[in-house]
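*Asks:* Protein chains in written order, with the numbering used here: chain A, 1 to 111; chain B, 112 to 347; chain C, 348 to 959; chain D, 960 to 1239.
I'd like to ask you about the structure that follows.
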């Protein structure tokens, strides 16, 4: 293979990888649909939902959005701000539990 | 999209490379087009918008003592006389992922300067998006027909309708804008603007197939958001 | 249209041939700078009045446009504050003033000053003007988007001002817009007023996002050759970090404003619980008012730093230039800016200690808040250590910087009171809070803005502002503002609550009457003193002393343009090449007491310059 | 005049103002004296930093004024000095934060023997409800509120029947007895604040918030609303009377309970019916 051709190939990826990820996304979506179909409940449901969700999101970001091939400077700039979101989520979970508690404790009908 | 060649600088991989990129002059994201960097930062900002929506939804749903409607029943669709839970949503997910796949291929063929393939794939993506918006319109009208309103619904907590219409509406708006741009870009690909480097209508930048990748980033992001909405709104 | 673009042949992209040596083999060339990575930018040059001055794509013109419009809204905010102080100092003196009016003025004053004045001025005004010049770019990377950004801001201001003229007037719910108050019947401006406010904020956020993307990508991807991140002036660092905060914090405001509008228009209950109003139970139910407060402050606290960080950056540069000394501990300063920016996303609920949120949050937020005090204190130390053994020019610019240090340290210390959760309990919602945030994010940034105006006016207009008028302007503003806000803390100690239309019927508050009158008089004076600047500018534009090139003998790039004021494209034929950081002042052994950033190492051999 | 002198006078003036100010906090009348102590501590540390920084600045301005022939020092950074300053600041911050957190821990944990008081706020006024003999407040709902049930007590809640209802904006409290203030609002945000007690918390519609204090000085106090609640905000006042145990018990005995109110209503109904019968 001559030098120019190598360069050409380096700037684009084989079609196979896209088809793979594409297929995987369908399979994972099917699985997360099955979580509802079989009516899993409780922690099992939640962990399955989150697992499939993050896996799908990760695949889309890594391969369809090429983040896997990007340099770390970009990847890190994009991912670190998510800690602020994570903090917001955790605190809001604590907040809604507290709100719900006061509502049930002070407003629920009957003693 | 893959390692660029920077004159006078040998790019190192991994975190050492990151430190080197950050410390170097001129650009921090080596070999990343201005427009692409902009789209990434914009998507980061947009992520915060959708996160705020979903966090509000979580807080709203978690703190209401009224029972939340079961999405599995609310969004069920009758197929052959049997109610199938989340049928329409499953098809919508299927359509959106399909369009995401065609978009990814369009980007690939764009980089290979394969005008025909790229154009057709962008067009296919646009049609997929259009189908999605159409199905969403159908879903909305079905729910409205069943009495779901932003301020009330017959199934339980009134916030259900509020958050449903607001979040899917905001997502649907994103899809709609994406579809409009996909059609425009399909035209531009077929017209060869990216092959000749024709300047855009409002910008002084020369056309390049990197614009397909930029649009692709947006489109995949819309798909990404749907993954989260699907998990949190329909499966929770 | 094509003839309006630069012909690529006249402005050369610098190829590797134009630089000497390769830094390797035979003779290692100390002046070596890597070749250009990015192609030269094409610019659209306007020819008609409209494309040159109105719908202009030149970042410098856009910066001035932002500056003027923000100043206009600032003057509106100033007049509102006069009216409020008139009522507080001399109740009933303004005959038309009802409680409704008063609360509308409070609300509009707050929102205008924080968002439409300070944010727009620092990021839109200084950001647009200075970023491309300071990093050595021809313009912002997306000039068209930049233009749209300004006009979105223009429309946002228009919508905001329109709310003064709709039935019911502007919203009077306090600038924090807390529901359910905001959209309930009976609150002033609960109809059209609040919708216009939300609409205006959404437009502002959209417009700002366009501008912000420009600032970020210009700084990250369009620096000139040799300009590393750690050679950038702190002004750019401050504006950069503030823009990052804005890009990530404004979404929360956008979402909050949107949900509030839906509550108002569609009757959804995002923030609205069951409410009994005038004996009727309203059609709302199940919503959570505290959710809005979280969203608002998730935006609101970074917003404080969106205003403060550019001020930090700019004042660092001003102090450095005018004390002829490099900024002390540059790297510490950069990390402090970045650290403060990052931490600001984890402290928002310190505005909500007594809001009725989950009480356990107090521990988390008090800790994170006081952690921020450390990098902030480091910045203060470094400012005064820059003065130490400097060669301080006591001109107007330096005076504003010293004024900034005094007011900022004062306001920062009172911030520690309010950030420390149990100290905040007695002080929150009193005049102490008003005094604190006006001192730290009103007066202190204003001092920097004024200093920056006196500093960069010779660049923008080519003439010096009058020093004598400037000193009058400074002393009235500084002494006046200090005597407004310093005593005000003590009214807060008594327990005088904020947002009181009048308050003299309580026994222990009558002692505040005299002080309130004094504060009001000082406020009138300080407000009036700002018009000295406007007079100074008008006078200077006609008769001011010509500045020439690099009048302050500064090192940074913005002073090194081939023409003053710089033209569209900034750099003439060739982009500058940067060889050092922008603080090489008073280098031992050098001919002059400054070495510009473009001076190659070969010209300053045998001096004590350190490698940066 | 050298500008440094004016800056010096500003610093001096600030210190003198602080020492001689006639405007300062009212005497504390609750157990939250610790908050005042923390404020004093913050004044010492923070004020010390303020004075030190500003005086150093003034000194530099005098000492290093511009001279044509002089060169400034060239010293980009001093790692050791920066390290010392960082650690000193960190220690100062910890010294401030620690007592603050201790007091907050005290603030959110209510003593077991505290009397619960339901403070109900609306635009623009207050009313109060105390638990009856069972020591527990009944649950409430806004939709229940009407003339016959001014607090919206759930009628099927057994704890609610003996609740003492004070339909006045003045609340009596027993001296040296901790109170847990349970705040609720029927419309917008309010905040029930007595400056002498130092403690405060917003009343938020849709939830119940709380805080506690122990009044320790007999006397009458004014209650202010300190969370903006509309055009009547500045006039939304109330009162607290702190009494000895005897006076308090005396006062409490005279108050009406929810059961009394229901009985009164029923009597009224019966009387009405009888009246109607008689006229027939």
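Beta carbons are placed, not taken as given, at the ideal position from N, Cα and C, and that holds for glycine.
Along the chain, where does the alpha helix (DSSP H) containing residue 58(A) start, and where does it finish?
*Replies:* Element bounds for residue 58(A): 42–59.
*Asks:* Near residue 140(B), which residues of its chain fall below 6 angstroms by C-beta distance, leaving aside the five closest residues on each side in sequence?
*Replies:* Within the same chain, residue 140(B) has close Cβ partners 148.
*Asks:* Indicate whether at least one CB of chain C lies closer than 9 angstroms to the CB of residue 321(B).
*Replies:* Answer no: the Cβ-Cβ gap between residue 321(B) and chain C never drops below 9 angstroms.
*Asks:* Using beta carbons (cut-off 9 angstroms, strictly below), is residue 129(B) in contact with chain C?
*Replies:* It does not: the Cβ of residue 129(B) has no partner Cβ on chain C nearer than 9 angstroms.
*Asks:* Going straight from the alpha carbon of residue 678(C) to that of residue 926(C), what length do you get?
*Replies:* Taking the straight line from one Cα to the other gives about 18 angstroms.
*Asks:* Are residue 342(B) and residue 32(A) closer than 9 angstroms when you measure CB to CB?
*Replies:* Their beta carbons are under 9 angstroms apart, which means residue 342(B) touches residue 32(A) by this criterion.
*Asks:* Cβ of residue 1058(D) within 9 angstroms of Cβ of residue 959(C)?
*Replies:* Cβ atoms of residue 1058(D) and residue 959(C): not closer than 9 angstroms.
*Asks:* Could you tell me the alpha carbon to alpha carbon distance between residue 368(C) and residue 573(C), rounded to whole angstroms?
*Replies:* With a pLDDT of 41 at residue 368(C), under the threshold of 50, the modelled position of this residue cannot be trusted; read the value that follows with caution. If you take the alpha carbons of residue 368(C) and residue 573(C), they lie about 15 angstroms apart.
*Asks:* Does the segment 643–650 of chain C come close enough to the segment 998–1008 of chain D that 3 or more CB-CB pairs lie under 8 angstroms?
*Replies:* At 8 angstroms Cβ cutoff, the stretches do not touch.
*Asks:* Who are the near neighbours of residue 265(B) in its chain, counting only those whose CB is closer than 8 angstroms to its CB and skipping five residues on each side?
*Replies:* The answer, listed in chain order, is 257, 258, 259.
*Asks:* In chain C, what lies closer than 7 angstroms to residue 88(A) by C-beta?
*Replies:* Those within 7 angstroms of residue 88(A) in chain C are 645.
*Asks:* Give me the DSSP bridge partner(s) of residue 1170(D).
*Replies:* Beta-bridge pairing links residue 1170(D) to 1140(D).
*Asks:* Excluding the 5 residues preceding and the 5 following residue 1128(D) in the sequence, name in chain order all residues of the same chain whose CB lies nearer than 8 angstroms to its CB.
*Replies:* Here the set comprises 1084, 1085, 1086, 1182, 1196, 1197, 1198.
*Asks:* Under the rule that 16 or more other beta-carbon atoms within 10 Å means buried, what is residue 961(D), buried or exposed?
*Replies:* When all chains shown are included, residue 961(D) counts as exposed.
*Asks:* I'd like the ranges of any alpha helix (DSSP H) spanning at least 4 consecutive residues and lying wholly in the segment 406–447 of chain C.
*Replies:* 406–436, all fully within the segment 406–447 of chain C.
*Asks:* Which of the three DSSP states is assigned to residue 1077(D) in this structure?
*Replies:* Of the three classes helix, strand and coil, the one that applies to residue 1077(D) here is strand, per DSSP.
*Asks:* What is the rounded straight-line gap between the Cα of residue 1107(D) and the Cα of residue 1220(D)?
*Replies:* So the two alpha carbons sit approximately 8 angstroms from each other.
*Asks:* Starting from residue 107(A), find everything on chain D with Cβ-Cβ shorter than 7 angstroms and list it in chain order.
*Replies:* Going along chain D in sequence order, the residues near residue 107(A) (Cβ under 7 angstroms) are 1098, 1099, 1100.
*Asks:* Along chain B, in chain order, which residues have C-beta atoms closer than 9 angstroms to that of residue 389(C)?
*Replies:* Near residue 389(C) (Cβ distances below 9 angstroms), the residues of chain B are 310, 315, 316, 317.
*Asks:* Using DSSP bridges, identify the partner residues of residue 910(C).
*Replies:* According to DSSP, which records beta bridges pairwise, residue 910(C) is partnered with nothing at all.
*Asks:* Given a cut-off of 9 angstroms on the beta-carbon distance, is the pair residue 493(C) and residue 404(C) in contact?
*Replies:* It is a contact, given that the beta carbons lie within the stated cut-off.
*Asks:* Could you tell me whether the Cβ of residue 634(C) comes closer than 9 angstroms to any Cβ of chain B?
*Replies:* Yes, residue 634(C) lies at the interface with chain B (some Cβ there is under 9 angstroms from its Cβ).
*Asks:* Quick one, which of 447(C), 595(C), 394(C), 380(C) has its alpha-carbon nearest residue 159(B)'s?
*Replies:* Of the candidates 447(C), 595(C), 394(C), 380(C), the one whose C-alpha sits nearest the C-alpha of residue 159(B) is 595(C).
*Asks:* Per the DSSP calculation, residue 1105(D) is bridged to which residue(s)?
*Replies:* The partner list for residue 1105(D) (beta bridge, DSSP) reads 1108(D).
*Asks:* So, helix, strand or coil for residue 1164(D), using DSSP?
*Replies:* Residue 1164(D) falls in the strand class under three-state DSSP.
*Asks:* Chain B partners of residue 64(A), CB-CB under 7 angstroms?
*Replies:* Going along chain B in sequence order, the residues near residue 64(A) (Cβ under 7 angstroms) are 211, 215, 331.
*Asks:* Along chain C, which residues have their Cβ under 8 angstroms away from the Cβ of residue 44(A)?
*Replies:* Those do not exist, as residue 44(A) stays about 28 angstroms from chain C at its closest Cβ, beyond 8 angstroms.
*Asks:* Note down, in chain order, every chain C residue with its Cβ under 8 angstroms from the Cβ of residue 167(B).
*Replies:* Correct list: 602, 606, 617, 638, 642.
*Asks:* What residue from 1025(D), 1012(D), 1060(D) has the CA that sits closest to residue 706(C)'s CA?
*Replies:* It is 1060(D) whose Cα lies nearest to the Cα of residue 706(C).
*Asks:* Could you tell me whether the Cβ atoms of residue 701(C) and residue 1159(D) are closer together than 9 angstroms?
*Replies:* In contact: residue 701(C) and residue 1159(D) (Cβ atoms closer than 9 angstroms).
*Asks:* Are residue 1180(D) and residue 847(C) touching if we call contact CB-CB under 9 angstroms?
*Replies:* No, Cβ-Cβ distance for residue 1180(D) and residue 847(C) is not below 9 angstroms.
*Asks:* Which residues, taken in chain order from the segment 1164–1187 of chain D, show a beta carbon closer than 8 angstroms to some beta carbon of chain A?
*Replies:* Flagged, chain order: 1165, 1166, 1167, 1168.
*Asks:* When the cut-off is 9 angstroms and only beta carbons count, does residue 97(A) lie next to chain C?
*Replies:* Taking Cβ atoms only, chain C reaches closer than 9 angstroms to residue 97(A), which makes this a yes.
*Asks:* Is there a Cβ from chain C that is less than 9 angstroms from the Cβ of residue 262(B)?
*Replies:* Chain C contact via Cβ: present.
*Asks:* Less than 9 angstroms between the C-beta atoms of residue 210(B) and residue 609(C), yes or no?
*Replies:* In this structure, residue 609(C) does not lie closer than 9 angstroms to residue 210(B) by Cβ.
*Asks:* So, at 6 angstroms on beta carbons, what are the nonlocal neighbours of residue 829(C) in its own chain, with the 5 sequence-adjacent residues on each side left out?
*Replies:* Nothing listed; no residue qualifies.
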